[in-house]
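A.B. asks: Before I ask anything, let me first share the structure, which is written out below as structure tokens.
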Amino acid sequence: MTQSLIDNDVDMQTVDSLLRTIEKNVGLYRKYLKLKAKLMGLPKLANYDIVAPLQQASEKDYSWREAQDKVVEAYNGFDEEMGGWAEEMYDQRHIDGKVRNGKESGAFCSSWLAGKSAYILQTFNGKMGDVYTQAHELGHAVHAHLGSRAQKPSNFEIGSCIAEIGSTFGELLLTEKLLSKAETKEEKQAILARVLDEFGMAAFQVSARVFFEQSMYEAIERGEFLDGNKVARLWMAARDKIYGDSIDWLDVMKWEWTMKPHYYIANYRFYNYPYVFAQLFVFALYRIYKEEGKSFAPKLKKLLAAGSSRSPRELAMELGFDVTKETFWQKGIQQAQEFIEMLERIL
Ligand SMILES: [Zn+2]
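If you count by the working numbering, then the sequence shown holds residues 1234 to 1580, one letter each, in order.
Here is the structure:
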């Protein structure tokens, strides 16, 4: 794992503390999956239901202007300077959202050095998911706005543990905005299920992949013969550690690990835990923001401006948080728990 730890500028103590927190809280994720089954009118979820959108909320359409207003308001509510940078991206027409023939699918934010503005590509179809994509990519733009002014090119590129902080934080700000404006309970359910589905995948499903990688390398170290069936058994053991009996899996899902090409790339090991790190880190930061209020905004901006000049552990330390301690990661879990409780109240 050493190579991966160096690449991501993290240490084993931090990763252990993160994974211990996940393991201790699998019950919370399973509780959400049970709630979701209830919302979908099913006795139990099957693997293909895990991230299925809820049916009952008729999808609302957003105009470009409505999306812009929601996203800018969301950022403004957190910090007016940030809201201003987001608005500038619309004013300068730096977001290519137009639907056109032959356009590349997906979305990304292309940032640039030396304080130059970023550009965003997406295909805007007026759905809630498209509004979230805008909030996400604008988070990258805000991150780049700060980093490209504060850092030299050598520290401008950010590692994967930190790269999604601005973007995911922006999504949480939008969630707050959309929830406050939602008119029906079904709409609220759809928003909460969306945020919890994503959290569940990044924090818990990806942790199953970390446990799988760990058990694979342990088996290799023991000199075990690994054929497909043996590897599939290791995968199912790691998966069950997260999901328990909360999901009905199709038998073919025992081969799920074959779908991820990263496992077979030479010298590319342990690529999963940074996703878990990033997700729980942002949820923890958001939780701290909810506790501290406005005074948290300058702290987040300082972190985003730091680029890769300091390790994630040092960055958190400067803000007064210790990522080697489970108490920090537990803050992220608390935030997820709050979303789950909100959903429970409107079941
Ligand atoms: Zn992103």
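All residues carry an ideal CB built from backbone N, CA and C; glycine is no exception.
Ignore the nearest five residues each way along the sequence and tell me which others in serine 1344's own chain have a CB closer than 6 Å to its CB.
C.D. replies: Excluding positions up to five away in sequence, the list reads Ala1351, Ala1377.
A.B. asks: When you compare only the Cα positions, how much space is there between valine 1243 and glutamate 1409?
C.D. replies: Valine 1243 and glutamate 1409: Cα-Cα distance of roughly 31 Å.
A.B. asks: Going by CA-CA distance only, name the one from Met1322, Val1304, Asp1282, Met1550 that's closest to leucine 1411.
C.D. replies: Taking only the C-alpha atoms, the option nearest leucine 1411 is Val1304.
A.B. asks: Between histidine 1369 and ligand 1, is there a pair consisting of the residue's CB and a ligand heavy atom that are separated by less than 7 Å?
C.D. replies: True, at least one ligand heavy atom lies under 7 Å from that Cβ.
A.B. asks: Buried or exposed: glycine 1380, going by 16 or more other Cβ atoms within 10 Å of its Cβ?
C.D. replies: Its Cβ being crowded by 16 or more others within 10 Å, glycine 1380 is buried.
A.B. asks: With a threshold of 7 Å (Cβ to nearest heavy atom), would glutamate 1397 be considered close to ligand 1?
C.D. replies: Yes, ligand 1 has a heavy atom inside 7 Å of this Cβ.
A.B. asks: To the nearest angstrom, how far is it from the Cα of asparagine 1500 to the Cα of lysine 1269?
C.D. replies: Roughly 39 Å between the two C-alpha positions.
A.B. asks: Please give me, in chain order, every unbroken run of the alpha helix (DSSP H) with length at least 4 that falls completely inside the stretch 1403-1433.
C.D. replies: Counting only runs of 4 or more, we get 1418-1432.
A.B. asks: Measure the Cβ-Cβ separation of phenylalanine 1357 and valine 1332 and say whether it is below 8 Å.
C.D. replies: Taking 8 Å as the Cβ cut-off, phenylalanine 1357 and valine 1332 qualify as a contacting pair.
A.B. asks: Would glutamine 1438 pass as a contact of leucine 1287 if the rule is Cβ separation under 8 Å?
C.D. replies: No, the pair does not count as a contact, with Cβ atoms beyond the cut-off.
A.B. asks: Just the Cα atoms here: how many angstroms apart are arginine 1442 and asparagine 1505?
C.D. replies: So the two alpha carbons sit approximately 7 Å from each other.
A.B. asks: Check whether the Cβ of serine 1479 lies closer than 7 Å to any heavy atom of ligand 1, and answer yes or no.
C.D. replies: Checking every heavy atom of ligand 1 against the Cβ of serine 1479, none is found closer than 7 Å.
A.B. asks: Decide if aspartate 1294 is buried, meaning its Cβ has at least 16 other Cβ atoms within 10 Å, or exposed.
C.D. replies: Exposed: under 16 other Cβ atoms inside 10 Å.
A.B. asks: Considering only C-alpha positions, which residue in the set Leu1238, Gly1362, Leu1425, Met1434 is nearest to cysteine 1394?
C.D. replies: That would be Leu1238, whose Cα lies nearest to the Cα of cysteine 1394.
A.B. asks: Which residues bound the beta strand (DSSP E) around leucine 1536?
C.D. replies: Premise fails: leucine 1536 lies in the alpha helix (DSSP H), 1530-1538, not in any beta strand (DSSP E).
A.B. asks: Alpha carbons only, please: which of Glu1489, Phe1554, Gly1477, Ala1549 is nearest the one belonging to lysine 1264?
C.D. replies: Minimum Cα distance to lysine 1264 is reached at Gly1477.
A.B. asks: Report yes if the C-beta distance between aspartate 1481 and alanine 1279 is below 8 Å; otherwise report no.
C.D. replies: Yes; because the gap between Cβ atoms is below 8 Å, this pair is in contact.
A.B. asks: Return the first residue and the last residue of the alpha helix (DSSP H) that tyrosine 1508 is part of.
C.D. replies: First-last of the alpha helix (DSSP H) with tyrosine 1508: 1506-1525.
A.B. asks: What is the residue span of the alpha helix (DSSP H) that serine 1250 lies within?
C.D. replies: Taken as a continuous stretch (DSSP letters only), the alpha helix (DSSP H) holding serine 1250 covers 1245-1257.
A.B. asks: With respect to the beta strand (DSSP E) encompassing phenylalanine 1341, which residues constitute its N-terminal and C-terminal limits?
C.D. replies: Start and end: 1341-1343.
A.B. asks: Where does alanine 1347 fall in DSSP's three states?
C.D. replies: Correct three-state label for alanine 1347: coil.
A.B. asks: Could you give the residue range of the beta strand (DSSP E) that holds isoleucine 1395?
C.D. replies: Element bounds for isoleucine 1395: n/a, residue is neither H nor E.
A.B. asks: So if DSSP puts tyrosine 1352 in a beta bridge, which residue, or which two residues, is it bridged to?
C.D. replies: Note: tyrosine 1352 sits in a beta bridge opposite Ser1343.
A.B. asks: Do you know offhand how far glycine 1346's Cα is from lysine 1385's?
C.D. replies: Note that residue 1346 is leucine in the sequence shown here, rather than glycine. Rounded to whole angstroms, leucine 1346 to lysine 1385 spans 8 Å at the Cα level.
A.B. asks: Start and end of the alpha helix (DSSP H) containing phenylalanine 1572?
C.D. replies: Run containing phenylalanine 1572: 1559-1578, per the alpha helix (DSSP H) assignment.
A.B. asks: Do we get a CB-CB distance below 8 Å when we pair leucine 1537 with the residues of chain B?
C.D. replies: Here chain B cannot be found, since the structure has a single protein chain.
A.B. asks: Under a three-way DSSP split, which group does aspartate 1484 fall into?
C.D. replies: DSSP places aspartate 1484 in helix when its eight states are reduced to three.
A.B. asks: Where does glycine 1433 land, buried or exposed, given buried means 16+ other C-beta within 10 angstroms?
C.D. replies: Buried.
A.B. asks: Between the stretch 1516-1531 and the stretch 1452-1465, do three or more beta carbon pairs fall short of 8 Å?
C.D. replies: Because the criterion of three Cβ pairs below 8 Å is not met, the stretch 1516-1531 and the stretch 1452-1465 do not touch.
A.B. asks: I need the straight-line Cα distance from alanine 1539 to valine 1509, nearest angstrom please.
C.D. replies: Whole-angstrom Cα-Cα distance: 21 Å.
A.B. asks: Helix, strand or coil: which one does DSSP assign to leucine 1552?
C.D. replies: In this structure, leucine 1552 counts as coil in the three-state DSSP scheme.
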